[in-house]
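> These protein sequence lines are chains L and A, in that order. With my numbering, the residue at position 32 of the first sequence is 32, and numbering never jumps. My numbering runs 1000 ahead of the 1-based position in the second sequence. Just so you know, even glycine gets a beta-carbon here, dropped at the ideal spot from N, CA and C. Bear in mind that the values here come from a model prediction, so they are computed numbers and not experimental data.
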Amino acid sequence: EDQVTQSPEALRLQEGESSSLNCSYTVSGLRGLFWYRQDPGKGPEFLFTLYSAGEEKEKERLKATLTKKESFLHITAPKPEDSATYLCAGRGGATNKLIFGTGTLLAVQP
Amino acid sequence: DTGVSQDPRHKITKRGQNVTFRCDPISEHNRLYWYRQTLGQGPEFLTYFQNEAQLEKSRLLSDRFSAERPKGSFSTLEIQRTEQGDSAMYLCASSQTEYTEAFFGQGTRLTVV
């Protein structure tokens, strides 16, 4: 069964303390690995798409990387406004639906 | 382009009542998805359209749930005879193709009392 697993479930950082979030996937015929940010009570906001192992994407303090088994979201020198839930999703299977992990709740303290 | 629009944003209903949600995708996006999300969980796939054709429906979706996308434009999701377990955030997303990123609306928060 296709599955996406994220770790840790929750992460608390001090402002400026860099870290990484992990997304492990077993999705048949993976056709893209997607990262989203979700604020409380709102819909997920698209961040990155990665299509092949070795690919990297960057946006401000965030960098996403992809291997054949997992993806990482690196957060460099985070700020309190980076606090949110970060969701990872793999697209694959017969109909290319997005399969989500349960997310990592990130809290950045000033 | 104003993004994916969902209506209503919040809905409180009594158990046993029927509810209908609407989703307007980004124009010219062929793919439209419905997801359900409960607190502390990731979005759970419900169903998916390519234009007006419903291509897949989750096995988790009971017969009380139905979705339509007439003319390949907006979509509606109806829940009949609501139960307390239906309380969740219902999310709609659209994408231009089957390979590109999906953009989500702000969701409809359903509370069944």
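1) At a cut of 8 Å, does the segment 26–36 of chain L reach the segment 1002–1014 of chain A through at least three beta carbon pairs?
2) Check the DSSP bridge columns for Glu1078(A) and list the partner residues they point to.
3) Report all residues from its chain with a CB closer than 6 Å to the CB of Thr65(L); omit the five preceding and five following residues, and keep chain order.
4) Are there 16 or more other CB atoms within 10 angstroms of the CB of Ile1012(A), so buried, or fewer, so exposed?
5) Identify whether Gly1072(A) lies in helix, strand or coil by the three-state DSSP scheme.
6) Can you tell me whether Gly1085(A) is helix, strand or coil according to DSSP?
7) Under a Cβ-count criterion, where at least 16 other Cβ atoms within 10 Å of its own Cβ denotes burial, should Leu1039(A) be classed as buried or exposed?
8) Taking 9 Å as the CB-CB limit, is Arg1109(A) close to chain L?
9) Report the residue from Gln109(L), Ala53(L), Tyr86(L), Phe46(L) whose alpha carbon sits nearest the alpha carbon of Leu21(L).
10) Less than 7 Å between C-beta atoms, sequence neighbours within five positions excluded: which residues of the same chain meet that for Arg1064(A)?
11) Going by other Cβ atoms of all chains shown within 10 Å of its Cβ, with 16 needed for buried, is Arg1059(A) buried or exposed?
12) Does any C-beta atom of chain A lie closer than 9 Å to the C-beta of Val4(L)?
13) Can you name the start and end residues of the beta strand (DSSP E) that Tyr25(L) belongs to?
14) Sort Phe1045(A), Pro1043(A), Cys1092(A) by Cα distance to Arg1069(A) and report the nearest one.
15) So, does the CB of Pro80(L) fall closer than 9 Å to a CB anywhere in chain A?
16) Select from the segment 1036–1048 of chain A all residues with a C-beta closer than 8 Å to any C-beta belonging to chain L, and list them in chain order.
17) Around the Cβ of Tyr51(L), are there at least 16 other Cβ atoms within 10 angstroms (buried) or fewer (exposed)?
18) Ends of the beta strand (DSSP E) at Gly92(L)?
19) By the 10 Å Cβ neighbour count, where 16 or more other Cβ atoms means buried, how is Gln1084(A) classified, buried or exposed?
20) Would you call the segment 73–83 of chain L and the segment 1018–1032 of chain A in contact, with 3 or more CB pairs under 8 Å?
21) According to DSSP, is Glu56(L) part of a helix, a strand, or is it coil?
22) If you run the structure through DSSP and keep just helix, strand and coil, what is Glu81(L)?
23) Using a 10 Å radius around the Cβ and a threshold of 16 neighbouring Cβ atoms, would you call Tyr1099(A) buried or exposed?
24) Do you know whose CA, among Arg1109(A), Tyr1033(A), His1010(A), Arg1009(A), lies nearest Phe1074(A)'s CA?
A quick look at the data gives this:
1) No, the segment 26–36 of chain L does not touch the segment 1002–1014 of chain A.
2) In the DSSP assignment, the residues bridged to Glu1078(A) are Thr1020(A), Ser1066(A).
3) Cβ neighbours of Thr65(L) beyond the five flanking positions: Glu56, Phe72.
4) So Ile1012(A) ends up on the exposed side.
5) Here Gly1072(A) sits in helix by DSSP.
6) Look at Gly1085(A) here: in three-state DSSP terms it is helix.
7) Exposed: under 16 other Cβ atoms inside 10 Å.
8) Yes - at least one Cβ of chain L is within 9 Å of the one on Arg1109(A).
9) Distances from the CA of Leu21(L) to each of Gln109(L), Ala53(L), Tyr86(L), Phe46(L) were compared; the closest alpha carbon is that of Tyr86(L).
10) Taken in chain order, the residues that qualify are Ile1079, Gln1080, Arg1081.
11) Per the 10 Å Cβ criterion, exposed.
12) So, interface residue.
13) Run containing Tyr25(L): 19–26, per the beta strand (DSSP E) assignment.
14) Minimum Cα distance to Arg1069(A) is reached at Cys1092(A).
15) For Pro80(L), the answer is no, since every Cβ of chain A falls outside 9 Å of its Cβ.
16) Gly1040, Gln1041, Gly1042, Pro1043, Glu1044, Phe1045, Tyr1048: these are the residues of the segment 1036–1048 of chain A whose beta carbon lies less than 8 Å from some beta carbon of chain L, given in chain order.
17) Tyr51(L) sits exposed, since fewer than 16 C-beta atoms from the chains shown fall within 10 Å of its C-beta.
18) For Gly92(L), the uninterrupted beta strand (DSSP E) run begins and ends at 84–92, by DSSP.
19) With fewer than 16 other Cβ atoms within 10 Å, it is exposed.
20) Of all C-beta pairs linking the segment 73–83 of chain L to the segment 1018–1032 of chain A, fewer than three are shorter than 8 Å, placing the two stretches out of contact.
21) DSSP places Glu56(L) in strand when its eight states are reduced to three.
22) Glu81(L) sits in a helix when the DSSP states are folded into three classes.
23) Looking at its Cβ environment, which holds fewer than 16 other Cβ atoms inside 10 Å, Tyr1099(A) is exposed.
24) Among Arg1109(A), Tyr1033(A), His1010(A), Arg1009(A), the Cα nearest to that of Phe1074(A) belongs to Tyr1033(A).
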